[in-house]
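Undergrad: Residue numbers (my numbering): 33 to 292. The C-beta atom is built at its ideal place from N, Cα and C for all residues, glycine as well.
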Amino acid sequence: MNAAASFQTLRDDGVVATGGEASSAHLAAAATPLIRLRGLDKVFDTDEVQTHALAAVSLEIARGDFVAITGPSGCGKSTLLSILGLLDTPSGGEYWLNGRDVAGLGRAARAQIRNDEIGFIFQSFNLIADLSVEENVELPLTYRGAIGRDQRRRRVAEALDRVGMAHRARHYPGQLSGGQQQRVAVARALVGEPAILLADEPTGNLDSHNGEAVMGLLEDLHRGGSTLCMVSHDPSFAARAGRVVRMFDGRIQSDDAETA
């Protein structure tokens, strides 16, 4: 039996597909954008004043993309990233993640998907001072009860090795430089093998030397196949992403993907 004939998959209607049909189904799945937004809105209501943080935002991010979102303060970059990361919900519009409609999910469902499929890198590192480096990196895996201790340790070791911090596994955040802490934060984001990494000003609290090192690390991850979406005020760092999306007043002003 040849490889095409032996290959099987389950179609949406519950029928087992074989051969070329299964291959076509997998190709179609691979072609589906990892993230798809359609007409996304976000409105904040405070003291009888409505603030439109996002207005009619439509965006697609494919698997393997490295997208930088830029724009002036208050333009909606961080709000958009929070919605992409399921930390907040849109007021209207569509959000599809990995082929699923996630715009209207409840808190528990969002938390589960967030832990399983999204890695976060924050400007302020957000490491826990009383935990060692390896314990900080392991933390996201402890929320997945099905992962045993040995597997967690293996994943932690691999993640720290990828960011060049394996030799600091037993140290604590207070014993590390800012650049080293951000590398640990990247390892923590990677350890769950997420579908996408979301980085909110990952170089914002670093000097130029450490900022360059962290940016180089993100580029290495992208070359290795990771999907990244990064918010940045730094035009030189944003330009190093494969695609730059510029925002203004809650709307997408320009998108390199549409002019490429």
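1. Among residues of its own chain, excluding the 5 on either side of residue 294, which ones have a beta-carbon nearer than 7 Å to its beta-carbon?
2. Quick one: what does DSSP say residue 254 is sitting in, helix, strand or coil?
3. Taking the C-alpha atoms as reference points, what is the distance between residue 57 and residue 265?
4. Which residue comes first and which comes last in the beta strand (DSSP E) that contains residue 285?
5. Would you decide whether residue 258 is buried or exposed? Buried here means 16 or more other CB atoms lie within 10 Å of its CB.
6. Taking the beta strand (DSSP E) that residue 166 falls in, what are its first and last residues?
7. Kindly indicate which three-state DSSP category residue 215 falls into: helix, strand or coil?
8. Just to confirm the assignment, what range does the alpha helix (DSSP H) spanning residue 92 have?
9. In whole angstroms, what is the alpha-carbon distance linking residue 163 and residue 64?
10. Go ahead and pull the three-state DSSP assignment for residue 277.
11. If you drop the 5 nearest sequence neighbours on each side, which residues of the same chain put their C-beta closer than 7 Å to that of residue 96?
12. Can you grab the Cα-Cα spacing for the pair residue 294 / residue 175, in whole Å?
13. Among the residues of its own chain, which have a CB less than 6 Å from the CB of residue 282, if the five just before and after it don't count?
14. Of all the options 246, 184, 253, which has the alpha carbon lying nearest to the alpha carbon of residue 227?
15. What residues match up with residue 261 in a beta bridge as DSSP calls it?
16. What's the gap between the Cα of residue 103 and the Cα of residue 205?
TA: Put simply:
1. Outside the displayed range of the chain (33 to 292) lies residue 294, so it cannot be described from this structure.
2. Indexing the sequence shown from 1 puts residue 254 at position 222. Helix at residue 254.
3. Within the sequence shown, numbered from 1, the residue matching residue 57 stands at position 25. Within the sequence shown, numbered from 1, the residue matching residue 265 stands at position 233. Residue confidence is low: residue 57 scores 49 on pLDDT, short of 50, so the model does not pin down where it sits. Its coordinate-derived value is still stated next. Straight-line measurement puts the Cα of residue 265 at about 40 Å from the Cα of residue 57.
4. Residue 285 sits at position 253 when you count from the first residue of the sequence shown. Taken as a continuous stretch (DSSP letters only), the beta strand (DSSP E) holding residue 285 covers 283 to 287.
5. On the sequence shown, position 226 is the one that residue 258 refers to. When all chains shown are included, residue 258 counts as buried.
6. As a first step, residue 166 must be located in the sequence shown, where it is residue number 134. Run containing residue 166: none in the beta strand (DSSP E); it sits in the alpha helix (DSSP H), 165 to 174.
7. Position 183 of the sequence shown holds residue 215. It is helical.
8. One-based indexing of the sequence shown puts residue 92 at position 60. It is not in any alpha helix (DSSP H) - residue 92 instead sits in the beta strand (DSSP E) that spans 81 to 93.
9. Within the sequence shown, residue 163 is the residue found at index 131, counting from 1. Within the sequence shown, residue 64 is the residue found at index 32, counting from 1. Cα to Cα, residue 163 sits roughly 39 Å from residue 64.
10. Reading the sequence shown from its first residue, position 245 is the one you call residue 277. Of the three classes helix, strand and coil, the one that applies to residue 277 here is strand, per DSSP.
11. Start at 1 with the first residue of the sequence shown, and residue 96 comes out as number 64. 257, 259, listed in sequence order.
12. This structure gives no information on residue 294, because the portion of the chain shown stretches from 33 to 292.
13. To locate residue 282, count along the sequence shown from 1; it is residue 250. Hits under 6 Å: 84, 85, 86, 87, 108.
14. The residue you call residue 227 lines up with position 195 of the sequence shown. Restricting attention to 246, 184, 253, the CA atom closest to the CA of residue 227 is found in 253.
15. Locating residue 261 in the sequence shown gives position 229, where the first residue counts as 1. DSSP, once it has assigned bridges, lists 99, 230 as partnering residue 261.
16. Here residue 103 refers to the residue found at position 71 of the sequence shown. Here residue 205 refers to the residue found at position 173 of the sequence shown. The alpha-carbon atoms of residue 103 and residue 205 are separated by roughly 31 Å.
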